[in-house]
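Q: Numbering (my numbering), first residue to last: 39 to 161. We put the beta carbon where it would ideally sit given N, CA and C, even for glycine.
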């Protein structure tokens, strides 16, 4: 994987989970998020913006969501969920995880880069 980059995850309306793990310190910036909104039969305009999901919904199931995690190792079950979407503090093992029910056409695009030494963890 390159030191800098942009990645897009898509589910194409299928019930799939997808994770991208970066095992060295990186800053993650969400560029485009369309998760749990657009479906093939969607005929309404959705409100623009991100909303937080309760951790209970994530832990016990409940639709489509994007989860930002960090911690040591590759086991997402022992990583910490990050609650701040505008920036991340730089730690080893960042993961962007998209969970899809198959009811929506989900897409997440994010950029990654080494942490800026002058402003680690700022928005």
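Let me check understanding here. Comparing Cα to Cα, which of 50, 54, 61 and 42 lies closest to residue 113?
A: 61
Q: Quick one: Cα of residue 42 to Cα of residue 48, how far?
A: C-alpha separation (whole angstroms): 20 Å.
Q: So the candidates are 110, 117, 135 and 53; which of them puts its Cα closest to the Cα of residue 71?
A: Selected option, being the one with the closest Cα: 135.
Q: Cβ of residue 57 within 7 Å of Cβ of residue 101?
A: no
Q: For residue 52, which of 151, 150 and 144 has the nearest alpha-carbon?
A: 144
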